[in-house]
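Each residue of the sequence shown is one higher than the one before, starting from 0 at the first, in numbering that gives the first Met the number 0.
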Amino acid sequence: MGRVIAIANQKGGVGKTTTSINLSAALAEKGKRVLVIDTDPQGNTTSGFGLDKNELENTIYELMIGECDIEKAIHKEIFERIDIIPSNVNLAAVEIELIDADQKEYILREAISKVKDNYDFIVIDCPPSLSMLTINAMTTANTVLVPIQCEYYALEGLSQLVHTVNLVKERLNPELEMEGVVFTMFDSRTNLSLQVVENVKEHIQENVYKTIIPRNIRLAEAPSYGLPINIYEPKSAGAEAYRLLADEVVEREF
C-alpha cells in the first residue's frame with residue numbers, strides 16, 4: 000500500500016513544488032511507483048512535469064467536484080514510473096463549489112483509496128495556504144513533509160503548520176504524522192543559512208532530514224524545461240541532494 004506524503008508549508012516560495020517534483024522523480028529513479036497529486040491552483044508541479052496545464056481535460060478539479068473518476072484524472076507514465084493528477088487555475092473555485100458538500104474534508108482521500116495500492120508513494124503538493132485543499136491533502140496523507148527555506152523568517156509559520164497538523168490528526172485523520180522538515184535553498188557561502196539550520200533544530204521537536212537542498216541554478220532552471228532535475232541535469236548538486244533525500248524518505252518507517 001502506498002505511503003502518502005503531503006508536502007506543505009503555508010509560506011510561499013520555500014521549495015514545496017521543487018521538492019514535490021524532484022523527490023517524486025528521485026523515488027521513481029529508485030524503482031518506486033509514484034503518483035504525484037498537484038493540489039495547488041497555480042499548477043506549477045503540473046507544468047514542472049512538462050504538461051500544458053491549460054490544455055487538460057481532466058484535473059484534480061474535475062475529480063473533486065465529481066465530474067470525472069480517479070482513473071480519468073490520472074495522467075499515466077509522464078515519466079518512467081511517475082503518474083500525475085494535474086491541476087490548473089480552475090481549482091481556485093473548488094472551495095466555493097463544495098461549500099455545502101458532505102464530508103468535504105475527505106473527498107480526495109475517498110478518491111485515492113481506489114488506487115492507493117497501485118503505488119509505493121503518493122506525493123501531494125499543497126497550496127501555500129491552510130485551506131480546504133490542504134486539509135484534504137492532510138486527511139489523505141500518512142505524513143506531512145515541510146520544506147523550510149534557509150532564511151531569517153524560516154520559523155515563522157512553522158508552529159502554526161504543526162498546530163494544523165495536530166488538529167487534523169486529532170479530529171480528522173488519527174494516522175497523520177509529521178514526516179519531518181527539509182531545508183531548502185541552502186547557501187553554504189552565507190552564515191545566515193547555517194544559523195537558520197541551527198536555530199530551527201533548536202526550536203522544533205520534529206524530525207529534521209540530514210539532507211539539505213542547496214540553492215542551485217540548474218534546480219531553478221529545470222521546471223521551465225518541464226523536466227525533473229535528475230533528467231535535466233543528472234549530475235548537478237540539486238539532483239544529488241534529492242537522491243539523498245529520497246534515500247532518507249524510503250528508509251524512514253511509519
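Don't be surprised by glycine CBs; every beta carbon is placed ideally from N, CA and C.
With H, G and I counted as helix, E and B as strand and the rest as coil, what does DSSP make of residue i?
| i | result |
| --- | --- |
| Ala5 | strand |
| Pro213 | strand |
| Tyr208 | strand |
| Glu61 | helix |
| Gly225 | coil |
| Glu176 | strand |
| Leu97 | coil |
| Thr38 | coil |
| Glu76 | strand |
| Gln194 | helix |
| Leu132 | helix |
| Leu154 | coil |
| Asp124 | strand |
| Asp82 | strand |
| Gln102 | coil |
| Val261 | Since the first residue of the chain shown is 0 and the last is 253, residue 261 is not available in this structure. |
| Val145 | strand |
Buried or exposed: which applies to residue i, given that a residue is buried once 16 or more other Cβ atoms fall within 10 Å of its Cβ?
| i | result |
| --- | --- |
| Ala219 | exposed |
| Leu193 | exposed |
| Gln148 | buried |
| Asp51 | exposed |
| Lys128 | A small fix is needed here, since residue 128 is Ser in this sequence, not Lys. So Ser128 ends up on the exposed side. |
| Pro173 | exposed |
| Lys234 | exposed |
| Asn215 | buried |
| Ser23 | buried |
| Ala92 | exposed |
| Glu169 | exposed |
| Asp68 | exposed |
Can you name, in chain order, every residue of its own chain whose Cβ lies under 6 Å from the Cβ of residue i, other than the five neighbours on each side?
| i | result |
| --- | --- |
| Ile36 | Ile84, Ile123 |
| Leu171 | Glu104, Thr138 |
| Ala221 | Ile228, Tyr231 |
| Val145 | Asn8, Val180 |
| Arg108 | Thr138, Thr139 |
| Arg217 | Glu232, Ser235, Gly237 |
Sort the options by Cα distance to residue i and report the nearest one.
| i | options | result |
| --- | --- | --- |
| Asn198 | Val180, Ser86, Ile77 | Val180 |
| Leu97 | Asp82, Glu61, Ile77, Lys71 | Glu61 |
| Pro56 | Glu66, Gly49, Asn21 | Looking at the sequence shown, residue 56 is not Pro but Glu. With distances taken between Cα atoms, Glu56 lies closest to Glu66. |
| Phe78 | Lys31, Glu94, Ala72 | Lys31 |
| Tyr208 | Phe182, Asn215, Asn53 | Phe182 |
| Ser19 | Ser235, Ile212, Glu252 | Ile212 |
| Tyr118 | Leu90, Glu150, Lys75 | Lys75 |
| Leu243 | Lys10, Gly1, Ala5, Leu26 | Leu26 |
| Ala240 | Phe185, Val3, Asn135, Glu252 | Phe185 |
Skipping 5 residues on each side, what residues in its chain have a beta carbon closer than 7 Å to that of residue i?
| i | result |
| --- | --- |
| Pro126 | Thr38, Asp39, Pro40, Leu132, Thr133 |
| Tyr224 | Tyr231 |
Does the pairing of the region 153-170 with the region 107-116 give three or more beta-carbon distances under 8 Å?
-> Judged by Cβ distances under 8 Å, the region 153-170 makes no contact with the region 107-116, as fewer than three pairs qualify.
Is there contact here, the region 14-22 with the region 162-176, by at least three beta-carbon pairs under 8 Å?
-> Contact fails: fewer than three Cβ-Cβ distances are below 8 Å.
Is the region 68-88 touching the region 41-52 in the sense that three or more CB pairs, one from each, lie closer than 8 Å?
-> In short, these stretches touch, since the Cβ pair count reaches three.
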